[in-house]
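Numbered according to our numbering, the sequence shown spans residues 23 to 194.
The C-beta atom is built at its ideal place from N, Cα and C for all residues, glycine as well.
First the structure, in the form of C-alpha cells, and then the observations on it.
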Amino acid sequence: PAVSDGRMMLVDKGESKAVLVRADRASASVSASLATLRNFIKLKTGVRMEAVSDADQPERAQLEIVVGYTNRKDAEAAKLRKGTYQIATYTEDDGKQTVYILGTDDALVQAAVDHFIAYCIETDGESLWIDEKTRSSRMLSLNDYEIAGAEIISNIRNFNVMERSTNKESSL
Numbered sequence: 023p024a025v026s027d028g029r030m031m032l033v034d035k036g037e038s039k040a041v042l043v044r045a046d047r048a049s050a051s052v053s054a055s056l057a058t059l060r061n062f063i064k065l066k067t068g069v070r071m072e073a074v075s076d077a078d079q080p081e082r083a084q085l086e087i088v089v090g091y092t093n094r095k096d097a098e099a100a101k102l103r104k105g106t107y108q109i110a111t112y113t114e115d116d117g118k119q120t121v122y123i124l125g126t127d128d129a130l131v132q133a134a135v136d137h138f139i140a141y142c143i144e145t146d147g148e149s150l151w152i153d154e155k156t157r158s159s160r161m162l163s164l165n166d167y168e169i170a171g172a173e174i175i176s177n178i179r180n181f182n183v184m185e186r187s188t189n190k191e192s193s194l
C-alpha cells in the first residue's frame with residue numbers, strides 16, 4: 023500500500039512506490055520540472071523513480087505523481103486562477119492515489135514542483151513520503167503574496183534558462 027504509518031510513501035526503504043506522469047505532449051519546461059523532481063528523489067534516496075507519459079501508461083498506477091496537465095480526468099477538473107499553481111491529492115474509490123502538481127503556465131508548474139520539494143515531502147535517507155498536511159488536504163494553492171514571488175521566480179528562471187542554453191555541457 024502507498025500509505026504506511028499514516029504517511030503517503032513515495033519511496034519506502036529504497037523501493038519506489040510511485041510513478042511520475044507527464045502529458046505525452048508536455049513542453050520541454052514541464053518535462054524539465056518532472057526531471058527536477060525525479061533528480062531530487064534520486065539524490066535523497068538513491069532511487070530513480072519511473073517517469074512515463076500519460077499515453078505510455080493510460081491505466082493509473084497505484085500511486086502517481088502527475089506533473090502538469092495530462093489526460094487524467096481529475097487534473098482537468100482543477101480550475102486554477104490565472105497565475106497560480108496547485109498541489110492536490112486525490113484517492114479513487116479503488117484506493118489508487120494521485121498527487122497533482124499543476125500550474126497555469128510552465129513556470130508555475132516548476133514553482134509548484136519547487137514548493138512540493140521544499141514543503142510537502144520528508145525523507146529519512148532511504149524512504150520519502152508526503153507530509154501529513156499535504157496528504158490530508160485536497161488542495162494547496164498559492165496566496166497573493168506567493169503569486170508575486172512566483173512571478174519574480176518565473177522571470178529569474180527565464181533568464182537562467184537562456185543563460186544555461188549556451189552551455190554545451192548542460193543537458194536534460
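Item                                                                                       : Value
Have a look at the DSSP bridge pairing and note the partners of I143.                      : I152
By alpha-carbon positions, which one of G36, N61, G147 and R44 ends up nearest to R82?     : R44
Should I87 be flagged as near chain D, meaning a C-beta pair shorter than 8 Å?             : The question asks about chain D, but that chain is absent: this structure has only one protein chain.
Could you spell out where the alpha helix (DSSP H) holding Q132 opens and where it closes? : D128 to H137
Tell me which residue opens and which closes the beta strand (DSSP E) that L32 is part of. : R29 to D34
Between K66, D46, R103 and D115, which has its C-alpha nearest P80's C-alpha?              : D46
Is the CB-CB distance between L42 and I143 below 8 Å?                                      : no
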